[in-house]
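Have a look at the structure below before the remarks.
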Amino acid sequence: MQPTRRLLGLLAGWGVLGVPVIFDKAWLTLWLLAPVVLGVMTLLEALALLATPSPRLKRTIPAAWPLSVWQPVELTVACTGKLPVRLEVFDHLTPDMEGEGMPAALDLRPGQKLRVQYRARSLVRGERTLDIVELRLPGRLGLLQQTRRISVSSPFRVYPNFSEVARYALLATDNRLSQLGIRLRPRRGEGLEFHQLREYREGDSLRQVDWKATSRLRKLISREYQDERDQQVLLLLDTGFRMRAQDGSLSHFDQTLNALLLLAHAVSRQGDAVGLMTFAGSDRYLAPAKGGHVVKEIMNRVFDLEPTDSTPDFLRAVQDLGKRLRKRSLIVILTNVRDEDGPDLLEACRVLGRRHLVLLATLREQVFTDLHEQPPASVDDAFTRAAAEDYLALRERQLSGLRHAGVLVLDTEPRRLAVGLVNRYLEVKRSGRL
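Under UniProt numbering, the residue at position 241 of the sequence shown is numbered 241, and the numbers go up by one with no gaps.
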């Protein structure tokens, strides 16, 4: 129970009025009676507040939240008393969340239900719970207000941002993937796996013509091929300390998870199997599998993952993978390469390359691109840019060594990783290297 500004103002005014009473005793009795009356009124207000039943509360939220995406939250407040009640509602968020639209003031009649809507977003992935709802009930005289904290437990999960996956699925349905930056090159029925026979069309190459079928049917018949299916892709995710680097509002790790989910969805749509393995402080493994459910399984395996304090040990990761995966696959290593990784990373890729096709996706901090594109404004800026250029040159020499060893390399900024991965995967499918 807290006093309101009105009560404090009345008490202050009573104190100020005591000054003239000192000089004029005629008002002394009235002045002494005023606090007694105020005290009785305050007591009655307190009893009335204590007798007011708390409204019934219900919170409605999505069960799954994408990271850093605003989500609707709805509170249903129902009056359980026999008298109208005025109150203020405030839904408490966890420290790693942001909200807009709170608090809300309500006037409830007996038996009435009102819905309060606001929006919130979580800046951290994992299991989360919204719990405490705070109610502030002012007294009818405005002398006191009571604060009540009511538990309304609402658990939910915060996943990597899967909005791009949903957008990919929608655009793929309408054959508009170019809007995402994904390049689909028409091939007029050429590929690696036989699909069907059909009538010859203008633009078909002569090597597509099936001469036996042409002779039998007395018209030109072409063979139509498609990308090979039933292949495997394994996503090897670095969960070490380097992935904590931040570009914009998301860490490299969070942006990598977003890209990983988009690639997994694209692989599933192509009829291939996709799996996951993590290393550098976290050891989670999901064997490659086919079907639309795989993306959901991967999402459930990584939604609560956070970068660890470990340094990536690529050789050990490759050894562990070798015990689990036998069939030739496209191994996509998602990491942030440093110069100290050179010999171990090269050896790890060579070991993998004996059986698998390796794609190394390494993240490049946005700051290096900015330094390269902006002319220096001072001597200090010039020295900083020179140091950045030296670092990038060293990095490029390291990646060139990997390319010469047969490793496919994608060196990109985190915001371009998702589309870059899907494009590289589609290029591999079309090249037949897998």
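Positions of the beta carbon are idealized from the N, C-alpha and C atoms, including for glycine.
Exercise. Under three-state DSSP, which class holds T42?
Worked result: As a working mapping, residue 42 is identified with position 42 in the sequence shown. If DSSP states are grouped into helix, strand and coil, T42 belongs with the helices.
For this session: Under 8 Å by Cβ, that's how I've got S154 and R56 pegged, so tell me the actual separation to the nearest angstrom.
Result: Here residue 154 corresponds to residue number 154 of the sequence shown, with the count starting at 1. Here residue 56 corresponds to residue number 56 of the sequence shown, with the count starting at 1. Actually they do not touch by this definition, with Cβ atoms about 15 Å apart.
For this session: Starting from S222, follow its DSSP beta bridges and name the residues at the other end.
Result: Against the sequence shown, residue 222 aligns to sequence position 222. S222 is bridged to R198 and V209.
Exercise. Can you give the Cα-Cα distance for A387 and D309, rounded to whole angstroms?
Worked result: Residue 387 sits at position 387 when you count from the first residue of the sequence shown. Residue 309 sits at position 309 when you count from the first residue of the sequence shown. In a straight line, the C-alpha of A387 is about 27 Å away from that of D309.
Exercise. Should R395 and D339 be called a contact, given that it needs their Cβ atoms to be closer than 9 Å?
Worked result: The count along the sequence shown starts at 1 and reaches residue 395 at position 395. The count along the sequence shown starts at 1 and reaches residue 339 at position 339. Yes, these two residues count as a Cβ contact at 9 Å.
For this session: Only counting runs of 4 or more residues, tell me where the alpha helix (DSSP H) segments fall wholly within the segment 347–399, in order along the chain.
Result: Taking 4 residues as the shortest admissible run, the segment 347–399 contains the following complete alpha helix (DSSP H) segments, listed from N- to C-terminal end: 366–373.
For this session: Pick helix, strand or coil for A418, following the three-state DSSP scheme.
Result: For the purposes of this step, residue 418 is taken as the residue at position 418 of the sequence shown. If DSSP states are grouped into helix, strand and coil, A418 belongs with the helices.
Problem set entry | Buried or exposed by the 16-neighbour rule on C-beta atoms within 10 Å, applied to E45 | Taking the sequence shown and counting its residues from 1, one reaches residue 45 at position 45. With 16 or more other Cβ atoms within 10 Å, it is buried.
Exercise. Of the choices D283, L236 and G248, whose alpha-carbon is the least far from that of V274?
Worked result: Numbered from its first residue, the sequence shown carries residue 274 at position 274. Among D283, L236 and G248, the Cα nearest to that of V274 belongs to L236.
Problem set entry | Distance, V158 Cα to S431 Cα | The sequence position of residue 431 within the sequence shown is 431, counting from 1. The sequence position of residue 158 within the sequence shown is 158, counting from 1. Rounded to whole angstroms, S431 to V158 spans 38 Å at the Cα level.
For this session: Tell whether a beta-carbon distance below 9 Å holds between Q231 and D283.
Result: To locate residue 231, count along the sequence shown from 1; it is residue 231. To locate residue 283, count along the sequence shown from 1; it is residue 283. Not closer than 9 Å, so no.
For this session: Quick one: grab the DSSP three-state call for M97.
Result: Here the question's residue 97 lines up with position 97 in the sequence shown. Strand.
Exercise. Can the beta-carbon of L143 be found less than 9 Å from the beta-carbon of M299?
Worked result: Here residue 143 corresponds to residue number 143 of the sequence shown, with the count starting at 1. Here residue 299 corresponds to residue number 299 of the sequence shown, with the count starting at 1. A distance of 9 Å or more separates the beta carbons of L143 and M299.
Problem set entry | L421 versus M97 - alpha carbon distance | Reading the sequence shown from its first residue, position 421 is the one you call residue 421. Reading the sequence shown from its first residue, position 97 is the one you call residue 97. Taking the straight line joining both Cα atoms gives about 30 Å.
For this session: State the DSSP-derived secondary structure class of G191, mapped to helix, strand or coil.
Result: In the sequence shown, residue 191 corresponds to position 191, counting from 1. Any reading at G191 must be qualified, since the residue scores a pLDDT of 46, below 50, and its modelled position is unreliable; no value is offered.
Problem set entry | Span of the alpha helix (DSSP H) around V295 | Here the question's residue 295 lines up with position 295 in the sequence shown. It spans H293 to V302 - the alpha helix (DSSP H) in which V295 sits, taken as one unbroken run.
For this session: Could you tell me the distance, in whole angstroms, from the CA atom of T311 to the CA atom of H252?
Result: The residue you call residue 311 lines up with position 311 of the sequence shown. The residue you call residue 252 lines up with position 252 of the sequence shown. If you take the alpha carbons of T311 and H252, they lie about 15 Å apart.
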